[in-house]
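Position one of the sequence shown corresponds to residue 1 (the UniProt record's numbering), numbered consecutively onward.
Every residue gets a Cβ at the ideal spot worked out from N, C-alpha and C, and that includes glycine.
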Amino acid sequence: MIDLENLMKDAPEREADIPLPSMEEQKRIVAELKALEEKGELTPEILEKYFGGKKSH
């Protein structure tokens with residue numbers, strides 16, 4: 001039998017789940033990232049803004 005209490009204790013701490021943006025917002029973000037990539041302006045800092053795990057915008 002699996003001891004759920006020990007599994008929870010050993011699980012890494014994580015921030016509260018952040019809801020996904022709406023489909024329209026996701027499409028806008030993708031278009032913005034593609035445009036930046038085409039111009040050669042897609043930096044790790046920009047990617048961190050969207051994929052760093054913290055809601056910053």
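Residue 21 - containing alpha helix (DSSP H), residue span: Counting along the chain, residue 21 falls outside any alpha helix (DSSP H), and DSSP gives it neither H nor E.
Sub-9 Å separation of residue 18 and residue 33 beta-carbons: no
Secondary structure of residue 57, DSSP reduced to three states: Any reading at residue 57 must be qualified, since the residue scores a pLDDT of 47, below 50, and its modelled position is unreliable; no value is offered.
First and last residue of the uninterrupted alpha helix (DSSP H) at residue 47: 44–51
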